[in-house]
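Enquirer: In this note's numbering, the protein residues as written are 1 to 361.
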């Protein structure tokens with residue numbers, strides 16, 4: 001489909017949301033379209049960036065990611081302090097499930113070649129593997145949510161928010177100090193002669209930070225991916241009679257139960273997920289399909305299994321690269337700082353498994 005009729009469909013959907021649902025949901029759709037467009041047009045890939053740092057000692061994408069975190073924190077932390085009852089941080093409890101989930105997610109995202117946002121926007125670009133992984137990711141996320149009580153029983157502590165604990169200025173200073181340490185580590189690892197500046201990626205980082213700030217203001221919560229996926233699968237399982245949410249710890253929680261019972265377009269995460277898909281579609285509209293290497297049956301099987309496990313582990317880890325790292329760290333959640341080293345350790349194994357399976361890139 002060419003870009004003009006696709007843009008007309010998105011515009012019609014926007015008007016329909018504003019008229020029949022709410023102005024907030026319509027605005028969140030536009031935020032999602034912006035996020036998807038920036039991700040797709042700049043190829044801002046969290047998964048590939050980590051892989052390039054490890055294999056090619058190329059720090060450019062990681063430096064852009066750290067820039068995104070700093071910019072998003074500069075926007076989000078003052079807002080959270082100014083409006084503590086209206087806006088919520090992306091807090092997750094430090095727990096055994098977080099340690100296991102982040103490690104497994106970091107491993108599987110390399111084989112699946114995409115995290116939560118990467119799977120979304122690459123599916124929008126028409127990449128066959130990511131298009132096929134998307135429903136499996138949703139199924140895995142749902143099953144992970146349904147088993148959360150068992151995982152949390154293994155050990156957890158209450159979420160820790162730096163803004164609530166220290167205040168916005170101190171929290172931002174601590175966050176920037178941590179980001180500087182990570183940037184220096186990436187530069188030292190890559191070597192002195194390796195370029196670290198990529199104008200396209202840094203512009204994408206700033207644009208994403210602004211859009212994340214808008215998402216926080218409009219939705220009252222940071223940008224997320226995983227919850228929407230799990231919700232879609234939960235709705236299907238409930239409607240088909242295979243799942244009774246009232247008998248499940250996670251989905252019987254008042255907030256989750258209410259969202260599950262509502263029309264899916266009332267869910268803020270679902271709307272931005274749809275927007276990300278639409279934004280990527282708009283970028284790819286009228287262009288030849290995204291070039292993707294031909295996969296062997298073994299590679300297809302590995303990718304699909306990884307996609308399912310990635311969805312499962314993302315729920316255990318209280319988010320993917322977006323919900324746990326970028327939204328978590330930028331809003332002062334300690335669990336985001338735990339997520340990063342655990343996922344990076346998993347990625348160290350994942351990139352080697354990827355090479356063993358002869359995936360390109």
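All residues carry an ideal CB built from backbone N, CA and C; glycine is no exception.
Remember, predicted model here, so these are calculated numbers, not experimental data.
How about the segment 267 to 286 and the segment 1 to 12: do they share at least three Cβ pairs that are nearer than 8 Å?
Expert: Yes: at least three Cβ pairs fall under 8 Å.
Enquirer: Residue 270 lies in the alpha helix (DSSP H); which residues open and close that run?
Expert: Residues 268 to 284.
Enquirer: Looking at C-alpha atoms only, which residue of 151, 223, 62 and 31 is the closest neighbour of residue 99?
Expert: Taking only the C-alpha atoms, the option nearest residue 99 is 151.
Enquirer: By Cβ distance below 6 Å, which residues in the same chain neighbour residue 327 in space, the five residues on each side in sequence not counted?
Expert: Only 90, 222 and 223 meet the Cβ criterion.
Enquirer: Over what stretch of residues does the alpha helix (DSSP H) that includes residue 86 continue unbroken?
Expert: Here residue 86 belongs to no alpha helix (DSSP H), and DSSP marks it neither H nor E.
Enquirer: Consult DSSP for residue 95 and reduce its assignment to one of helix, strand or coil.
Expert: It is a strand residue.
Enquirer: Is there contact here, the segment 140 to 154 with the segment 45 to 64, by at least three beta-carbon pairs under 8 Å?
Expert: No: fewer than three Cβ pairs fall under 8 Å.
Enquirer: Quick check on residue 191: does DSSP put it in helix, strand or coil?
Expert: Residue state, collapsed to three classes: coil.
Enquirer: Excluding sequence positions up to five away, which residues of its chain have a Cβ less than 8 Å from the Cβ of residue 279?
Expert: So the list reads 32, 33, 34, 35, 36, 37, 38, 39, 40, 121 and 124, once near-sequence residues are dropped.
Enquirer: For a test of the three-state rule: what should DSSP assign to residue 248, helix, strand or coil?
Expert: Coil, per DSSP.
Enquirer: Which residues bound the alpha helix (DSSP H) around residue 377?
Expert: This structure leaves residue 377 out entirely; the chain is present only between 1 and 361.
Enquirer: Since I believe residue 273 is in contact with residue 395 (beta carbons under 8 Å), could you give me their beta-carbon distance rounded to a whole number of angstroms?
Expert: For the chain, the structure presents residues 1 to 361; residue 395 sits outside this window and is missing.
Enquirer: Can at least three beta-carbon pairs, one atom from the segment 137 to 147 and one from the segment 299 to 313, be found at a separation below 8 Å?
Expert: Contact between the segment 137 to 147 and the segment 299 to 313 is present, because at least three Cβ pairs lie under 8 Å.
Enquirer: Name, in chain order, the residues that DSSP records as bridge partners for residue 333.
Expert: DSSP output for residue 333 lists 161 as bridge partner(s).
Enquirer: From the beta carbon of residue 322, is the nearest beta carbon of chain D less than 8 Å away?
Expert: The chain labelled as chain D is not found in the depicted structure, where only one protein chain is given.
Enquirer: In this structure, does DSSP put residue 358 in helix, strand or coil?
Expert: It is coil, neither helix nor strand.
Enquirer: Are the CB atoms of residue 353 and residue 136 nearer to each other than 8 Å?
Expert: No; because the gap between Cβ atoms is not below 8 Å, this pair is not in contact.
Enquirer: Tell me whether the beta-carbon of residue 271 lies closer than 8 Å to the beta-carbon of residue 87.
Expert: Cβ distance not < 8 Å, so residue 271 and residue 87 don't count as in contact.
Enquirer: On the DSSP bridge assignment, give the partners of residue 156 in chain order.
Expert: Looking at the DSSP assignment, residue 156 forms a beta bridge with 95.
Enquirer: Thinking residue 260 and residue 238 are a contact (beta carbons under 8 Å), I'd like their distance in whole angstroms, please.
Expert: Their Cβ separation, rounded to whole angstroms, is 7 Å, which keeps residue 260 and residue 238 in contact under 8 Å.
Enquirer: Between which two residues does the alpha helix (DSSP H) harbouring residue 258 extend?
Expert: Element bounds for residue 258: 254 to 261.
Enquirer: If you compare alpha carbons, which of 30, 52, 319 and 61 is closest to residue 44?
Expert: Measuring from the Cα of residue 44, the nearest candidate turns out to be 61.
Enquirer: In angstroms with no decimal places, state the Cα-to-Cα distance between residue 207 and residue 119.
Expert: Each residue's alpha carbon lies about 20 Å from the other.
Enquirer: Could you check if residue 340 is buried or exposed, using at least 16 other CB atoms within 10 Å of its CB as the buried criterion?
Expert: It is buried - the Cβ of residue 340 has at least 16 other Cβ atoms within 10 Å.
Enquirer: Please state whether DSSP places residue 59 in a helix, a strand or coil.
Expert: It is coil, neither helix nor strand.
Enquirer: May I have the straight-line CA-CA distance separating residue 241 from residue 235, to the nearest angstrom?
Expert: If you take the alpha carbons of residue 241 and residue 235, they lie about 10 Å apart.
Enquirer: Does the distance from the CB of residue 349 to the CB of residue 107 come in under 8 Å?
Expert: A contact, by the Cβ cut-off of 8 Å.
Enquirer: With a CB to CB cut of under 7 Å and the five nearest residues on each side skipped, what residues in its chain are close to residue 167?
Expert: The residues are 81.
Enquirer: Buried or exposed: where does residue 51 fall if 16 or more other Cβ atoms within 10 Å of its Cβ makes it buried?
Expert: Counting Cβ neighbours within 10 Å, residue 51 comes out buried, since at least 16 surround it.
Enquirer: What's the C-alpha gap between residue 172 and residue 334?
Expert: Spanning the two alpha carbons is a distance of roughly 13 Å.
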